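*Asks:* Mind looking over this structure? Questions follow.
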Amino acid sequence: MSRKALCIAIAVLFAIAMLLSGCGGGSAQTSTDQGNGATDNDKIYKLTFAGFFAANSPWHTTVFQPWAEEIEKNTNGRVIIEDYPGSALLPIGKIYDGTVIGTVDMGFDSLSLVDGRFPVCDLLSKPGHPMKSGECASRVFQDMIDTLQLAELQDAVILFTMASGPGNFHTDKPVRKLEDLAGMEIRCIGADAPCVTALGAKPVSMSHADSYDALQKGIINGSLGHNDILPAWHIAEVTDYTTITPFLYNSTFTLTINPDVWNSLPADIQEGIKKASEKIFEERSVHFMDEEAVKGIEYALQEASGHEIIYLSEEEEARWKEKVAFILDDYVEELNQKGLPGTEAKELMFELAEKYNKLHEERLAKEGK
Numbered sequence: 202m203s204r205k206a207l208c209i210a211i212a213v214l215f216a217i218a219m220l221l222s223g224c225g226g227g228s229a230q231t232s233t234d235q236g237n238g239a240t241d242n243d244k245i246y247k248l249t250f251a252g253f254f255a256a257n258s259p260w261h262t263t264v265f266q267p268w269a270e271e272i273e274k275n276t277n278g279r280v281i282i283e284d285y286p287g288s289a290l291l292p293i294g295k296i297y298d299g300t301v302i303g304t305v306d307m308g309f310d311s312l313s314l315v316d317g318r319f320p321v322c323d324l325l326s327k328p329g330h331p332m333k334s335g336e337c338a339s340r341v342f343q344d345m346i347d348t349l350q351l352a353e354l355q356d357a358v359i360l361f362t363m364a365s366g367p368g369n370f371h372t373d374k375p376v377r378k379l380e381d382l383a384g385m386e387i388r389c390i391g392a393d394a395p396c397v398t399a400l401g402a403k404p405v406s407m408s409h410a411d412s413y414d415a416l417q418k419g420i421i422n423g424s425l426g427h428n429d430i431l432p433a434w435h436i437a438e439v440t441d442y443t444t445i446t447p448f449l450y451n452s453t454f455t456l457t458i459n460p461d462v463w464n465s466l467p468a469d470i471q472e473g474i475k476k477a478s479e480k481i482f483e484e485r486s487v488h489f490m491d492e493e494a495v496k497g498i499e500y501a502l503q504e505a506s507g508h509e510i511i512y513l514s515e516e517e518e519a520r521w522k523e524k525v526a527f528i529l530d531d532y533v534e535e536l537n538q539k540g541l542p543g544t545e546a547k548e549l550m551f552e553l554a555e556k557y558n559k560l561h562e563e564r565l566a567k568e569g570k
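The structure is reproduced here in structure tokens:
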């Protein structure tokens, strides 16, 4: 090896070592001023946090920043969250496993985008699910995790969860009945392709970022997604209709911490993080997606003139549900055959959904919404 090549190799190895020491690595970074007689109670714990939303996104400013601030307050400044938003460290779908192996200390990730990695959790994303709101879906998800103690989630410590709740069809032509959807090219993620196909449309795998141009150019006719895409990706500007379909779509998310990092923290620090996470879950996480859904519709109606919101009749909704029912049933049987609690998870999901749908409706009525 030439002297120049040797120098380059040493530099690369040094850079890798610095990256690993600065981004997780299985134990919390600490700093104290031992020269001034500091004790363990003076230790500062620096924890890296990876997310995929941009720093200026509502997700980040409404949920994650307040969560980090609450942790710092609860621990009297002894925990500092080093924030890396916008997939700066890891892309969406890779963050959960990044916390497991210690690439980062903490992370927020979408479980629904990792095909097959979280089989029982994926049950909540199948069409025919009973959750009518983000609040209901988030509470159902959290309770199912606590009750079932799923093996697929035992390799990380879950601090809190979130679920998107209902997603809808945003289209360039009105969809009031099944026949209207026939043959339409609909953007969706791969997991939703069977649902779109069962309803008679043609699924197109495409990111939200690419769907604006595709809709504008007539390459696709619509997108299946949460209402927040209407303003966030300007989908309201290239579609004229939103058909409300609360039974087709849901996405699940977790905020986790590496177990070795968690176990290395003192009990009082753990308690401070737990309390902060519980508070953010109750005050922000469970309500966030519903609030964004309302904002999305308001944006479409106010900023995109002529946008129409379509609600299916009870009879028509029943037709749609009948078309997609086999997807959930088949998936439950698939889980059972793998020795996983498919039937138990489905029954629990419906039981909890009945409870939390009612809770959500009662809360809205009390608030006059």
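Using the numbering used here, you'd call the opening residue of the sequence shown number 202 and step up by one each time.
We treat Cβ as the ideally placed atom computed from N, Cα and C, and that holds for glycine.
If you're wondering where the values come from, they're calculated on a predicted model, not measured in any experiment.
Ignoring anything shorter than 3 residues, give me the beta strand (DSSP E) runs that lie fully in the segment 330 to 381, in order along the chain.
*Replies:* With a minimum length of 3 residues, the continuous beta strand (DSSP E) runs that stay inside the segment 330 to 381 are 358 to 364 and 369 to 372.
*Asks:* Compute the beta-carbon to beta-carbon distance between Ser406 and Gly391, rounded to the nearest angstrom, for a pair I have assumed lies under 8 Å.
*Replies:* The pair is a contact, with the Cβ atoms about 6 Å apart (cut-off 8 Å).
*Asks:* How big is the Cα-Cα spacing for Trp434 and His330?
*Replies:* Cα to Cα, Trp434 sits roughly 26 Å from His330.
*Asks:* Report, in whole angstroms, the separation of the C-beta atoms of Leu312 and Thr453, which I expect to be a contact under 8 Å.
*Replies:* Contact flag correct, Cβ pair sits at about 5 Å.
*Asks:* On the DSSP letters alone, give me the boundaries of the alpha helix (DSSP H) that Cys396 sits inside.
*Replies:* Cys396 -> alpha helix (DSSP H) spans Ala394 to Ala399.
*Asks:* If you draw a straight line from the alpha carbon of Val525 to that of Asn275, how long is it in whole angstroms?
*Replies:* Approximately 46 Å, taken between the alpha carbons.
*Asks:* Using DSSP with H/G/I as helix, E/B as strand and the rest coil, what is Thr544?
*Replies:* Looking at Thr544 - three-state DSSP - the assignment turns out to be helix.
*Asks:* Please classify Thr263: does DSSP put it in a helix, a strand, or coil?
*Replies:* Of the three classes helix, strand and coil, the one that applies to Thr263 here is helix, per DSSP.
*Asks:* Between the Cα of Gly187 and those of Met363, Arg279, Lys327 and Glu353, spot the shortest distance and give me the residue it belongs to.
*Replies:* This structure gives no information on residue 187, because the portion of the chain shown stretches from 202 to 570.
*Asks:* Would you list the one or two residues that DSSP bridges to Pro404?
*Replies:* Bridge partners of Pro404: Ile387.
*Asks:* Below 8 Å between beta carbons: does that hold for Met332 and Val321?
*Replies:* For Met332 and Val321, no; Cβs fall outside 8 Å.
*Asks:* Counting Cβ pairs closer than 8 Å, one from the segment 394 to 409 and one from the segment 478 to 486, do we hit at least three?
*Replies:* No contact exists between the segment 394 to 409 and the segment 478 to 486.
*Asks:* Is Arg564 buried or exposed, if buried means 16 or more other CB atoms sit within 10 Å of its CB?
*Replies:* By the neighbour-count rule (16 or more Cβ atoms within 10 Å), Arg564 is not buried but exposed.
*Asks:* Are Gly366 and Cys337 touching if we call contact CB-CB under 8 Å?
*Replies:* Yes, they are a contact pair.
*Asks:* Between Phe370, Pro460 and Thr446, which lies nearest to Leu425 when the distance is taken from Cα to Cα?
*Replies:* If we check each option's Cα against that of Leu425, Phe370 comes out closest.
*Asks:* Have a look at Ser478 and Gly507 and give me their C-alpha separation to the nearest angstrom.
*Replies:* Approximately 41 Å, taken between the alpha carbons.
*Asks:* To test your reading of the DSSP string, which unbroken alpha helix (DSSP H) runs of 4 or more residues are found completely within the segment 456 to 512?
*Replies:* The segment 456 to 512 contains these whole alpha helix (DSSP H) runs: 460 to 465, 468 to 481 and 487 to 504.
*Asks:* Run through DSSP, which three-state label would Leu536 get?
*Replies:* If DSSP states are grouped into helix, strand and coil, Leu536 belongs with the helices.
*Asks:* Hey, is the segment 455 to 466 in contact with the segment 351 to 359, meaning 3+ C-beta pairs nearer than 8 Å?
*Replies:* Touching, yes.
*Asks:* Can you tell me whether DSSP reads Tyr413 as helix, strand or coil?
*Replies:* Of the three classes helix, strand and coil, the one that applies to Tyr413 here is helix, per DSSP.
*Asks:* Is the segment 510 to 530 close to the segment 370 to 379, with three or more CB pairs under 8 Å?
*Replies:* The segment 510 to 530 is in contact with the segment 370 to 379.
*Asks:* According to DSSP, Ser424 sits in a beta bridge with which residue or residues?
*Replies:* DSSP output for Ser424 lists His371 and Arg388 as bridge partner(s).
*Asks:* State the DSSP-derived secondary structure class of Ser514, mapped to helix, strand or coil.
*Replies:* DSSP places Ser514 in coil when its eight states are reduced to three.
*Asks:* Buried or exposed for Thr348, please, with buried defined as at least 16 other CB atoms from any protein chain shown within 10 angstroms of its CB.
*Replies:* The residue is exposed, with fewer than 16 neighbouring Cβ atoms inside 10 Å.
*Asks:* Ignore the nearest five residues each way along the sequence and tell me which others in Asp491's own chain have a CB closer than 7 Å to its CB.
*Replies:* The answer, listed in chain order, is Ser334, Gly335, Glu336 and Gly366.
*Asks:* Using CA atoms only, rank isn't needed, just tell me which of Lys327, Asn277 and Pro259 is closest to Pro286.
*Replies:* Closest option to Pro286, Cα to Cα, is Pro259.
*Asks:* Under the rule that 16 or more other beta-carbon atoms within 10 Å means buried, what is Gln235, buried or exposed?
*Replies:* Residue placement at Gln235 cannot be trusted, given a pLDDT of 41 that sits under 50; the coordinates are not used to answer.
*Asks:* Is it a yes or a no for the segment 287 to 307 touching the segment 249 to 267, going by three-plus beta-carbon pairs under 8 Å?
*Replies:* Enough Cβ pairs lie closer than 8 Å, so yes.
*Asks:* Within its chain, find whatever has a CB closer than 7 Å to the CB of Ser326; leave out the 5 residues flanking it on each side and keep chain order.
*Replies:* Cβ within range, chain order: Ser313, Ala392, Asn451, Ser452 and Thr453.
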